[in-house]
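Inspection log for the structure reproduced underneath, given as structure tokens.
There are 2 protein chains.
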Amino acid sequence: MADVARRAGVSTGTVSRALRDLPGVGDETRELIKATARELHYVISPEASQLSRGSTGRVAIVVPRLHNWFYAEMVSALERVLRDGGLDVLVYQLDGEAKRLHFFDALPSRRKVDAVVLVALPVLTVEAERLDFMGAQVLVAGGRIRDFPYVGVDDHAIGVAAVEHLAALGHRRIGMLRTSDTEGAYWSSDAERSRGFHDALAAAGLPDDEAYVVTEPYAVDAGARAMRRLLALPEPPTAVFAYSDELAIGALRELQVAGIDVPGRMSLIGVDGHPTADLFGITTFDQHVGDQGRLTGQLVLDALARGDGAVLPANRVDFDLVDRGSTGPAPAGTGAGRGKRGVSAQPRGTRRARTRRTARGGA
Amino acid sequence: MADVARRAGVSTGTVSRALRDLPGVGDETRELIKATARELHYVISPEASQLSRGSTGRVAIVVPRLHNWFYAEMVSALERVLRDGGLDVLVYQLDGEAKRLHFFDALPSRRKVDAVVLVALPVLTVEAERLDFMGAQVLVAGGRIRDFPYVGVDDHAIGVAAVEHLAALGHRRIGMLRTSDTEGAYWSSDAERSRGFHDALAAAGLPDDEAYVVTEPYAVDAGARAMRRLLALPEPPTAVFAYSDELAIGALRELQVAGIDVPGRMSLIGVDGHPTADLFGITTFDQHVGDQGRLTGQLVLDALARGDGAVLPANRVDFDLVDRGSTGPAPAGTGAGRGKRGVSAQPRGTRRARTRRTARGGA
DNA sequence: CGATCAGACGCAAACGTTTGCGTTAATACG
DNA sequence: CGTATTAACGCAAACGTTTGCGTCTGATCG
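Same order as they appear, the protein sequences are chains A and B. Under this note's numbering, read the first sequence as residues 1 to 363, first letter to last. Under this note's numbering, read the second sequence as residues 364 to 726, first letter to last.
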């Protein structure tokens with residue numbers, strides 16, 4: 001910057017003001033300075049700038065892992081709006097308890113960023129306490145942690161809606177597929193979606209057999225393994241609610257391999273809005289992950305712009321039932337014989353009922 | 364830091380040295396300082412530190428988009444080794460030509476990072492020129508750009524291997540599925556994989572019908588649409604080489620819907636090592652994306668540690684043929700009738716021939 | 001025409017580290 | 001015991017901005 005100032009015959013203060021379009025600089029001087037800067041390929045040093053003004057112009061996005069549709073989609077949406085807002089995005093992957101502990105212990109992002117967005121990150125209570133030392137805005141996307149401002153869907157309502165949808169089709173034996181990637185830490189979406197599931201079963205007077213809820217460690221074939229366990233039961237359910245579309249895809253694959261018609265002999269419904277679930281015609285609750293990410297990004301931008309840490313504490317995003325035909329009426333007999341071999345009944349041109357559900361308040 | 368120094372009764376210089384384990388500090392003094400720092404929850408200001416020493420401790424990862432298995436996997440692997448190396452990771456998504464131009468024009472990462480990793484980013488020649496102004500190490504992962512050091516597989520060899528594999532099974536009508544997400548910019552992997560495909564067809568004396576190579580704009584159902592176009596041909600191929608596993612998955616779905624047995628009536632082979640392709644039993648060339656990411660990260664670490672910009676210019680990673688049973692002998696008759704309805708022949712416990720292929724030199 | 005005012009610009013003190021150099025004290029050696 | 005050597009530590013100048021305040025110039029108004 002000193003170079004530019006010398007060459008333009010002004011002081012560095014004027015250069016600083018001119019380049020940032022602040023008042024107090026004459027028009028021709030400003031132009032001269034800008035031209036000189038361009039000419040010298042001058043780029044401001046962010047370090048010096050931030051050291052002086054106090055803010056970093058960066059925000060951290062913390063996720064359990066990236067190679068996973070939900071997180072990648074969320075980060076992708078977040079990154080776009082944050083960058084459009086002139087902020088740089090730092091990504092932290094906290095896979096495994098060890099890394100998570102280290103992160104919360106060393107607080108590496110303190111003073112490195114202006115805000116931290118935790119994306120669907122299961123966190124232990126002790127870890128959550130440490131977040132207060134972060135020294136930055138903390139937001140949560142895709143679920144809830146402590147009392148931090150968050151963006152997410154009403155997971156309890158999703159669990160309820162799933163059971164209601166299946167019960168309305170006449171199903172009485174309804175199972176649920178879960179995956180345990182929380183490593184013992186509490187995660188609101190999983191807990192509340194399950195609670196909604198059980199609550200709705202009770203409300204509808206349907207059996208709530210604990211064998212119908214299977215949990216598999218996270219992996220690409222978790223859904224397949226979970227479905228296999230359900231199918232091995234003496235009296236398997238006739239409909240299954242999968243915690244995520246990824247699980248539903250694995251489950252569908254297993255059903256294809258086992259030659260069980262969907263939805264003829266087994267109804268399947270997931271959650272997310274995963275594009276591959278669309279490809280395979282799986283009915284799902286679209287939770288508009290992109291919208292969640294964009295909204296979170298906007299909240300960050302607003303909070304940082306206003307300076308004060310005032311953020312709307314609860315931001316619920318709508319979810320939609322997207323009926324692609326993987327759910328259907330319950331089979332007539334209870335112990336009906338093996339149905340015809342085949343795959344999903346709705347090949348292409350899937351109909352999208354888009355039963356819009358308005359978001360409900362906090363649980 | 365001034366606080367710590369005052370409280371410990373030493374100068375800031377000593378604090379700086381003590382905390383970074385530099386020599387010139389007495390053992391008890393060092394311990395005292397460290398204890399004091401802990402007590403005050405002191406964290407170093409990266410801005411000031413970097414302003415003083417010159418390096419940023421950050422590296423930028425530039426990708427076309429994130430919500431995509433290949434990129435997410437690559438970034439994920441990169442992030443891990445870079446963070447383990449003590450570096451922070453900045454992610455830039457350059458979807459769309461506009462953003463790409465802006466990035467290369469404004470050079471936002473100049474002086475913001477010590478190194479830039481371009482992940483499979485198609486780039487125009489003019490844009491590549493501007494990279495010289497980056498003022499940072501530039502590396503390329505998953506392909507090649509100009510003369511920058513890169514990490515990647517031998518894409519030409521993959522194209523050749525695919526055709527050889529299918530030809531060995533007796534196929535004579537071999538198609539290829541491509542996706543165009545390069546927006547007109549050149550991308551080495553696509554170009555070389557295609558060239559390998561055509562070269563191998565010629566070498567094997569097989570027909571190279573241009574109708575057998577279909578390109579669809581990037582989307583989740585690109586593979587399905589591409590396969591549909593092939594099936595609509597008067598004489599469709601009996602085997603198909605998909606540029607990526609994502610395309611192969613879409614193609615498989617289309618074949619399921621159309622009731623065409625795989626590999627009975629149609630063989631299918633992809634590239635990547637996508638976990639979902641594993642789930643669906645799709646034979647593929649695993650290009651070890653994680654390894655590519657890790658290797659790239661290590662190269663960055665090494666280059667930064669050594670200070671000089673000397674990086675091995677070419678770093679080839681092996682690829683493996685993972686046979687999961689979606690390829691089989693060519694059907695006997697040319698115009699055989701509709702085969703039996705069903706899905707992939709190898710349900711679970713997929714065999715993994717893992718025909719290891721040593722990487723070959725440059726194209 | 002003198003006083004007032006506003007806009008344009010320079011000055012210099014922060015911001016929080018790092019690091020070369022100088023000083024001090026302690027130890028070792030003759 | 002005096003001197004050379006070494007380790008421990010303080011001092012202060014960078015690093016490249018931002019920004020409050022002061023000064024100067026030219027214009028406006030009564």
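Ideal Cβ positions, reconstructed from N, Cα and C, are used throughout, including at glycine. All values derive from a computational prediction rather than experimental measurement.
#1: Where serine 418(B) and leucine 450(B) are concerned, what is the direct C-alpha to C-alpha distance, given to the nearest angstrom?
#2: According to the neighbour-count rule (16 or more other Cβ atoms, all chains shown, within 10 Å of its Cβ), is threonine 375(B) buried or exposed?
#3: Got a sec? Which residues, its chain only, sit under 8 Å from aspartate 571(B) by beta carbon, not counting five neighbours each side?
#4: Contact criterion: CB-CB distance below 8 Å. Does glycine 250(A) meet it with respect to chain B?
#5: State the beta-bridge partners of proline 275(A) as determined by DSSP.
#6: Here's the rule I'm using: 16 or more other beta-carbon atoms within 10 Å means buried, otherwise exposed. How should lysine 703(B) be labelled?
#7: Would threonine 697(B) pass as an interface residue toward chain A - the criterion being a Cβ-Cβ separation below 8 Å?
#8: Could you tell me which uninterrupted beta strand (DSSP E) segments, each at least 3 residues in length, are contained entirely in the segment 226 to 282 of chain A, listed from first to last along the chain?
#9: Put serine 344(A) into one of helix, strand or coil per three-state DSSP.
#10: Could you list which residues in chain A have their beta carbon closer than 7 Å to that of valine 454(B), in chain order?
#11: Mapping DSSP to helix, strand and coil, what is arginine 83(A)?
#12: Return no unless some Cβ of chain B is closer than 8 Å to the Cβ of glutamine 50(A).
#13: Going by DSSP, name the residue or residues bridged to glycine 175(A).
#14: Taking the alpha-carbon positions, what's the glutamate 394(B) to phenylalanine 103(A) distance?
#15: Between alanine 524(B) and phenylalanine 648(B), is the Cβ-Cβ spacing less than 8 Å?
#16: Looking only at C-alpha atoms, which of Ala239(A), Ala314(A), Glu210(A) and Val138(A) sits nearest to proline 377(A)?
#17: What in chain A is Cβ-close to phenylalanine 496(B), meaning under 8 Å?
#18: Please classify histidine 534(B) as buried or exposed, where buried requires at least 16 neighbouring CB atoms within 10 angstroms.
#19: Note down, in chain order, every chain B residue with its Cβ under 9 Å from the Cβ of proline 275(A).
#20: Does the distance from the CB of serine 76(A) to the CB of histidine 430(B) come in under 8 Å?
#21: Please state the DSSP three-state secondary structure of glycine 335(A).
#22: Rounded to a whole number of angstroms, what is the C-alpha to C-alpha distance between valine 119(A) and aspartate 154(A)?
#23: To the nearest angstrom, how far is it from the Cα of valine 476(B) to the Cα of glycine 420(B)?
#24: Assign arginine 723(B) to one of three DSSP states: helix, strand, or coil.
#25: Could you check which residue in Thr690(B), Gly459(B), Tyr455(B) and Ala461(B) has the C-alpha nearest to that of alanine 478(B)?
#26: Where does valine 126(A) land, buried or exposed, given buried means 16+ other C-beta within 10 angstroms?
#27: Just the Cα atoms here: how many angstroms apart are leucine 569(B) and glycine 636(B)?
#28: Distance check for isoleucine 424(B) and histidine 398(B), CA to CA, integer angstroms please.
#29: Hey, does serine 543(B) have any beta-carbon neighbour from chain A nearer than 8 Å?
#30: For valine 75(A), go through chain B and note every residue whose CB falls closer than 7 Å to its CB, in chain order.
#31: Looking only at its own chain, which residues have a Cβ that is under 8 Å from the Cβ of alanine 567(B), when we skip the five neighbours before and after it?
#32: Going along chain A, which residues have a C-beta under 7 Å from leucine 642(B)?
#33: Buried or exposed for histidine 404(B), going by 16 or more other Cβ atoms inside 10 Å?
#34: Would proline 46(A) count as contacting chain B if we go by Cβ distances under 8 Å?
#35: Counting only beta-carbon separations shorter than 8 Å, does proline 512(B) have a partner in chain A?
#36: Helix, strand or coil for phenylalanine 648(B), going by three-state DSSP, please let me know.
The structure says:
#1: 11 Å
#2: exposed
#3: His561, Leu564 and Ala565
#4: yes
#5: BP columns for proline 275(A) are empty, so no partner.
#6: Confidence is the limiting factor: at lysine 703(B) the pLDDT is only 38, short of 50, which leaves the residue's position unreliable, though a coordinate-based value still follows. Lysine 703(B) is exposed by the Cβ-count criterion.
#7: Only weak support exists for where threonine 697(B) lies, its pLDDT of 45 falling under 50; the coordinates are left without a value.
#8: Whole beta strand (DSSP E) segments, 3+ residues: 239 to 242 and 267 to 272.
#9: Residue placement at serine 344(A) is poorly supported in this model, since its pLDDT is 40, which falls under 50; the coordinates are not used for a value here.
#10: Glu79, Val89 and Val91
#11: helix
#12: yes
#13: Val240(A)
#14: 23 Å
#15: Yes.
#16: As displayed, chain A neither begins before 1 nor continues past 363, which places residue 377(A) out of reach and without an answer.
#17: In chain order: His41.
#18: buried
#19: His430, Ala582, Val583 and Asp584
#20: yes
#21: Its pLDDT being 37, under 50, glycine 335(A) is placed unreliably by the model, and the measurement read from it follows with that caveat. Reduced to three states, the DSSP call for glycine 335(A) is coil.
#22: 16 Å
#23: 7 Å
#24: For arginine 723(B), the predicted structure reports a pLDDT of 36, less than 50, and the residue's modelled location is therefore unreliable. The matter cannot be settled from this model.
#25: Tyr455(B)
#26: Valine 126(A) is exposed by the Cβ-count criterion.
#27: 27 Å
#28: According to the sequence as given, residue 398(B) is alanine; it is not histidine. Cα to Cα, the separation comes out at about 36 Å.
#29: no
#30: Leu429
#31: For alanine 567(B), the CB contacts under 8 Å within the same chain, skipping 5 residues up- and downstream, are Val526, Glu527 and Ala530 in chain order.
#32: Val220, Asp221, Ala224, Gly250 and Arg253
#33: Classification for histidine 404(B): exposed.
#34: yes
#35: Chain A has no Cβ within less than 8 Å of the Cβ of proline 512(B).
#36: strand
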